[in-house]
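Under the working numbering, think of the first position of the sequence shown as 1, with each following residue one higher. Note that beta-carbon positions come from the ideal geometry of N, C-alpha and C, so glycine has one too. Notes follow once the structure below has been shown.
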Amino acid sequence: MPDRAIGRRAALLGMTMTGVGARALGAHASDAHASDTSAPGRLTLVTNWYAQPELGGFYQAQESGLYRAAGLDVTIRSGGPQVNAMQLLLAGACDVIVGQPDAAMVAALRGIPVVTIGACFQKCMTGFLTHPDIGGLSDLKGHPLLISTEGRSTYWPWLKRTYGFTDAQAGVYTYNLQPFVHDPALAIQSFLSSEPYAVRQMGVAFKYFLFADAGYPTYTNALLVSRRTLETRADALRRFLAASARGWLDYLYHDPAAGDVAILRDNPANTADHMAWSRRTLRDVHAMGAPGQVLLGMSAARWARIHEVVALSGGTADGAAWRDAYTTALSDALTDTVPA
Numbered sequence: 001m002p003d004r005a006i007g008r009r010a011a012l013l014g015m016t017m018t019g020v021g022a023r024a025l026g027a028h029a030s031d032a033h034a035s036d037t038s039a040p041g042r043l044t045l046v047t048n049w050y051a052q053p054e055l056g057g058f059y060q061a062q063e064s065g066l067y068r069a070a071g072l073d074v075t076i077r078s079g080g081p082q083v084n085a086m087q088l089l090l091a092g093a094c095d096v097i098v099g100q101p102d103a104a105m106v107a108a109l110r111g112i113p114v115v116t117i118g119a120c121f122q123k124c125m126t127g128f129l130t131h132p133d134i135g136g137l138s139d140l141k142g143h144p145l146l147i148s149t150e151g152r153s154t155y156w157p158w159l160k161r162t163y164g165f166t167d168a169q170a171g172v173y174t175y176n177l178q179p180f181v182h183d184p185a186l187a188i189q190s191f192l193s194s195e196p197y198a199v200r201q202m203g204v205a206f207k208y209f210l211f212a213d214a215g216y217p218t219y220t221n222a223l224l225v226s227r228r229t230l231e232t233r234a235d236a237l238r239r240f241l242a243a244s245a246r247g248w249l250d251y252l253y254h255d256p257a258a259g260d261v262a263i264l265r266d267n268p269a270n271t272a273d274h275m276a277w278s279r280r281t282l283r284d285v286h287a288m289g290a291p292g293q294v295l296l297g298m299s300a301a302r303w304a305r306i307h308e309v310v311a312l313s314g315g316t317a318d319g320a321a322w323r324d325a326y327t328t329a330l331s332d333a334l335t336d337t338v339p340a
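Have a look at this one:
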């Protein structure tokens with residue numbers, strides 16, 4: 001099995017991941033065709049993890065021919081904990097990355113030319129996985145908490161401001177559940193449809209607290225591009241968004257077979273049970289939005305709320321540049337909606 005096949009859930013169960021993502025993507029660095037205007041239909045998407053249902057709409061669109069029908073030649077590269085997708089994007093090694101809007105806003109406030117053009121999940125899908133004695137996020141004051149590097153510059157300032165947490169509580173989350181299993185005081189960040197499944201499989205009792213339920217307003221798994229790519233390849237990006245939205249519609253609400261085939265080919269560590277459970281969880285929490293909501297859409301009002309939270313949390317110096325972090329010009333043209 002190639003290194004790149006190691007998946008999130010396998011990693012959570014203790015498999016070693018050091019360097020895997022970097023090797024997987026690095027192997028293709030020489031043939032990257034990002035921002036190649038001589039081939040306007042070519043796009044490279046770098047995801048934020050290995051192939052899994054939480055990225056299924058893109059694999060569905062690729063495997064079922066939706067990208068091809070839109071005149072696109074889309075290559076999907078798996079990311080992971082050792083892959084810095086933002087650096088790859090800015091270096092021109094890819095055209096689109098799956099990232100987080102609050103991270104894009106922090107980048108924009110620092111003068112980094114990254115723009116969000118659409119968003120998969122219409123709520124923050126991250127939360128804390130805790131032991132059963134915890135009644136709410138406020139009960140975690142003083143408890144050891146494991147946070148990812150990205151989380152420290154996005155939701156962590158909000159958590160500190162809202163709940164009085166301190167940096168002394170925060171350790172580094174390495175996508176390994178063993179510390180949680182062995183420390184009854186520990187809480188870890190987790191993705192709603194990933195770590196909870198792994199914990200259930202291990203027979204460990206837990207509770208889960210979604211940051212969105214506590215008021216954290218960001219989208220999750222947004223699509224980020226460089227400003228140069230937006231300015232020079234807007235038509236290709238518009239077609240990419242529309243085909244991706246249809247891919248998500250088919251994958252979550254109709255027949256996911258094509259997406260599952262592509263996911264399993266890219267990452268055999270998945271299982272049919274994992275994938276079905278993840279799809280069901282995403283539907284149950286209305287991850288793509290309420291019925292009738294446009295798939296992959298965004299709104300200026302939501303971005304203003306994200307800015308308000310990021311600015312108030314003091315995660316970075318504030319300024320008018322936060323508006324450079326997104327555009328709805330492409331997503332406003334989308335028409336596929338969440339089924340009733």
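Residue i burial status per 10 Å Cβ neighbour count (16 or more: buried)
i: histidine 182; result: exposed
i: serine 331; result: buried
i: isoleucine 6; result: Any reading at isoleucine 6 must be qualified, since the residue scores a pLDDT of 34, below 50, and its modelled position is unreliable; no value is offered.
i: aspartate 266; result: buried
i: proline 157; result: buried
i: glutamine 52; result: buried
i: glutamine 87; result: exposed
i: arginine 279; result: buried
i: leucine 25; result: Model confidence at leucine 25 stands at a pLDDT of 41, short of 50, so the residue's coordinates are unreliable and nothing is read from them.
i: arginine 233; result: buried
i: arginine 239; result: buried
i: threonine 335; result: exposed
i: alanine 289; result: A small correction: the amino acid at residue 289 is glycine; alanine does not occupy that position in the sequence shown. The residue is buried, with at least 16 neighbouring Cβ atoms inside 10 Å.
i: leucine 297; result: The residue you asked about is not leucine; residue 297 is glycine in the sequence shown. It counts as buried.
i: alanine 317; result: exposed
i: histidine 254; result: exposed
i: histidine 28; result: Below a pLDDT of 50, predicted positions are generally treated as unreliable, and histidine 28, at 39, falls in that range; the measurement from the model is reported next regardless. Exposed is the call here.
i: leucine 89; result: buried
i: glutamate 195; result: buried
i: glutamate 63; result: buried
i: leucine 159; result: buried
i: glycine 259; result: buried
i: alanine 320; result: exposed
i: alanine 262; result: buried
i: leucine 109; result: buried
Of the listed residues the options, nearest to residue i (C-alpha basis)
i: threonine 327; options: Ala300, Arg110, Ala340, Leu312; result: Ala300
i: alanine 257; options: Arg152, Ala61, Val294, Val225; result: Ala61
i: alanine 333; options: Val294, Asp324, Ala321; result: Val294
i: cysteine 120; options: Phe206, Leu264, Thr47, Lys141; result: Thr47
i: threonine 281; options: Leu252, Ile134, Ala290; result: Leu252
i: asparagine 176; options: Leu159, Ser313, Met202, Thr44; result: Met202
i: serine 138; options: Phe209, Val204, Ala290; result: Phe209
i: glycine 215; options: Phe206, Asn84, Arg305; result: Arg305
i: alanine 39; options: Ser313, Pro291, Ala198, Asp235; result: Asp235
i: methionine 105; options: Gly319, Ala325, Thr337, Ala340; result: Ala325
i: leucine 66; options: Gln82, Gly41, Trp49, Tyr50; result: Gly41
i: aspartate 133; options: Phe206, Tyr197, Val310; result: Phe206
i: valine 358; options: Val338, Gly314, Asp318; result: The structure shown does not extend to residue 358, since the chain spans only 1 to 340, so no value can be given for it.
i: leucine 43; options: Ala243, Trp303, Phe211; result: Ala243
i: proline 184; options: Ala212, Leu140, Ala168; result: Leu140
i: tyrosine 155; options: Ala320, Trp322, Val309, Ala329; result: Val309
i: glycine 314; options: Ser153, Leu186, Phe128; result: Ser153
i: arginine 323; options: Val199, Leu312, His307; result: His307
i: threonine 130; options: Leu312, Arg200, Arg110, Leu241; result: Arg200
i: asparagine 84; options: Trp49, Arg110, Gly111, Ala187; result: Trp49
i: tyrosine 197; options: Ala107, Ala276, Leu109; result: Ala276
For residue i: DSSP bridge partner residues
i: glutamine 178; result: Note: glutamine 178 sits in no beta bridge, so no partner.
i: threonine 75; result: Thr44
i: valine 309; result: Its beta-bridge partners do not exist; DSSP assigns none.
i: threonine 337; result: Val294
i: asparagine 171; result: According to the sequence shown, residue 171 is glycine rather than asparagine. For glycine 171, which the question treats as bridged, DSSP gives the partners Leu146.
i: tyrosine 326; result: Thr116
Contact with chain C by residue i, beta-carbon distance below 8 Å
i: threonine 149; result: Although the question refers to chain C, the structure presented lacks it and comprises just one protein chain.
Original post:
Are three or more beta carbon pairs between the segment 247-261 and the segment 57-66 nearer than 8 Å?
Top reply: The segment 247-261 is in contact with the segment 57-66.
Subject >> Inter-stretch contact at 8 Å, needing at least 3 Cβ pairs: the segment 215-225 / the segment 110-125 >> reply: Counting Cβ pairs under 8 Å, three or more are found: they touch.
**OP:** Give a yes or no on contact between the segment 229-241 and the segment 110-118, applying the rule of three or more CB pairs nearer than 8 Å.
**Re:** Pairwise C-beta distances place the segment 229-241 in contact with the segment 110-118, as three or more of them are shorter than 8 Å.
Original post:
Is the segment 157-164 in contact with the segment 190-199, if contact means three or more CB pairs nearer than 8 Å?
Top reply: Contact fails: fewer than three Cβ-Cβ distances are below 8 Å.
**OP:** Please confirm if the segment 90-110 is in contact with the segment 269-278, defined as three or more CB-CB distances below 8 Å between the two stretches.
**Re:** The segment 90-110 makes no contact with the segment 269-278; the number of CB pairs closer than 8 Å stays below 3.
Subject >> Every unbroken alpha helix (DSSP H) within the segment 83-161, with a cutoff of 4 residues, ordered by chain >> reply: The alpha helix (DSSP H) runs lying completely inside the segment 83-161 and spanning 4 residues or more are 85-90, 101-109, 149-152, given in chain order.
**OP:** Assess, as a yes-or-no matter, whether the segment 145-156 is touched by the segment 172-180 under the definition of 3 or more beta carbon pairs within less than 8 Å.
**Re:** The answer is yes - the segment 145-156 touches the segment 172-180, with three or more Cβ pairs under 8 Å.
**OP:** Flag this pair as touching only if the segment 62-77 and the segment 99-111 have three or more C-beta atom pairs under 8 Å; answer yes or no.
**Re:** The segment 62-77 makes no contact with the segment 99-111; the number of CB pairs closer than 8 Å stays below 3.
**OP:** Say whether the segment 272-287 touches the segment 76-83, bearing in mind that this needs 3 or more beta-carbon pairs closer than 8 Å, one atom from each stretch.
**Re:** The segment 272-287 makes no contact with the segment 76-83, as fewer than three CB pairs between them are under 8 Å.
**OP:** Note down, one range per segment and in chain order, each beta strand (DSSP E) of at least 3 residues found wholly within the segment 180-236.
**Re:** For the segment 180-236, whole beta strand (DSSP E) runs of length 3 or above, ordered along the chain, are 187-191, 207-210, 220-226.
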